Ligand code: 8X3
């Protein structure tokens, strides 16, 4: 990395929105630190974008400390993208372990990475934090309880941090997408059940893509240093609201 090159960290960079964001940011000139658990994926991505790979589970405090060490004392942009949904059971049948894992990755992980990298973000003199939230952090939906609670957590932690850092040289932003079709989000949620995963997008002409969200994240991050985009909610045109989705017969 040259001394003048801006440095960005992207968590959850092994696939989907995270990988697309790493590519977009590299195209914008950032030196990108690609962070995720799956070494092979982030090493290939880092090589592709001319960045670095750091293997890290954001829920593991020791791994996050090692990440901060690897990042060094100056960071321009942190994209807290690691997250996800596990299961879609009604509250009455909720799996406690799935709920804990969702809170752990979407809230605790985000907090741990932010806390560890904040000194470096402040040291840049114009740091940016972009947290990847969700429309699930805006409303409730049946079967979504554990995920919507966690993503409401992502939103509220973002708001809290913005208040706490109001006199510091760092912006705190949230990008909250609705229906995004990625290779893994729905598949992971439904434990590898491809049919259930495909049903989420059935008949929807054009769900958002990972690159659509990466584009939004990059735009938020690259506004002038005095412009804080508090939150940016994006959905596919076919999704006017969480439950109001235009589907055509396939
Ligand atoms: C994903 C959006 O609608 O699956 O963050 O909850 S939704």
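Numbering (my numbering), first residue to last: 4 to 253.
C-beta: ideal position from N, C-alpha, C; glycine also.
Only a predicted model underlies this, so the values are computations on that prediction, with no experimental measurement involved.
The beta carbon of residue 213 sits closer than 6 Å to those of 19, 20, 23 and 185, all from its chain and outside the five residues before and after it, given in chain order. Under the three-state reduction of DSSP output, residue 209 falls in the coil class, being neither helix nor strand. According to DSSP, residue pairing for residue 231 in a beta bridge does not occur.
Restricting attention to 73, 223 and 41, the CA atom closest to the CA of residue 120 is found in 73. Nearest to residue 203 by C-alpha distance, out of 242, 171 and 136, is 242. Taking a contact as a CB-CB distance under 8 Å, the pair residue 38 and residue 70 counts as one, their CB atoms being some 6 Å apart. Just measuring C-alpha positions, the residue of 76, 63, 128 and 68 sitting nearest residue 107 is 63. Counting the other Cβ atoms within 10 Å of the Cβ of residue 154 gives 16 or more, which makes it buried. The beta carbon of residue 9 is closer than 6 Å to those of 33 and 79 in its chain, skipping five residues each way along the sequence. In this structure, the CA atom of residue 98 is about 11 Å from the CA atom of residue 146.
Per the C-alpha coordinates, the member of 180, 250, 25 and 215 positioned closest to residue 157 is 180. Exclusion of residue 92 from the 7 Å shell around the ligand 8X3 follows from its C-beta lying no nearer than that to any non-hydrogen atom of the ligand. For residue 219, the CB stays at least 7 Å from every heavy atom of the ligand 8X3. Looking at the backbone, the Cα of residue 235 and that of residue 177 are separated by about 6 Å. For residue 81, the pairing in a beta bridge is given by DSSP as 12 and 132. Note on residue 14: 16 or more other CB atoms within 10 angstroms of its CB, so buried under the neighbour-count rule.
By the beta-carbon neighbour count (other beta carbons within 10 angstroms, threshold 16), residue 217 is buried.
The criterion of a C-beta distance shorter than 8 Å is satisfied by residue 83 and residue 116.
Taking C-beta atoms under 8 Å as the contact rule, residue 174 and residue 132 qualify, at a distance of about 7 Å. Out of 60, 149 and 211, the CA that lies nearest to the CA of residue 100 is found in 149. Boundaries of the alpha helix (DSSP H) harbouring residue 26: 19-30, taken from the DSSP string. Within a 10 Å sphere around the beta-carbon of residue 42 sit fewer than 16 other beta-carbons, which makes this residue exposed.
In chain order, the residues positioned with their C-beta nearer than 5 Å to some heavy atom of the ligand 8X3 are 137 and 139.
Under the DSSP assignment, residue 197 falls in the alpha helix (DSSP H) whose first and last residues are 197-203.
In this structure, residue 209 and residue 239 form a Cβ contact; the two beta carbons are roughly 6 Å apart against a cut-off of 8 Å.
Selection 12, 237, 52 and 226 evaluated against residue 211 yields 237 as nearest (Cα-Cα). Here the C-alpha atom of residue 245 lies approximately 35 Å from the C-alpha atom of residue 51.
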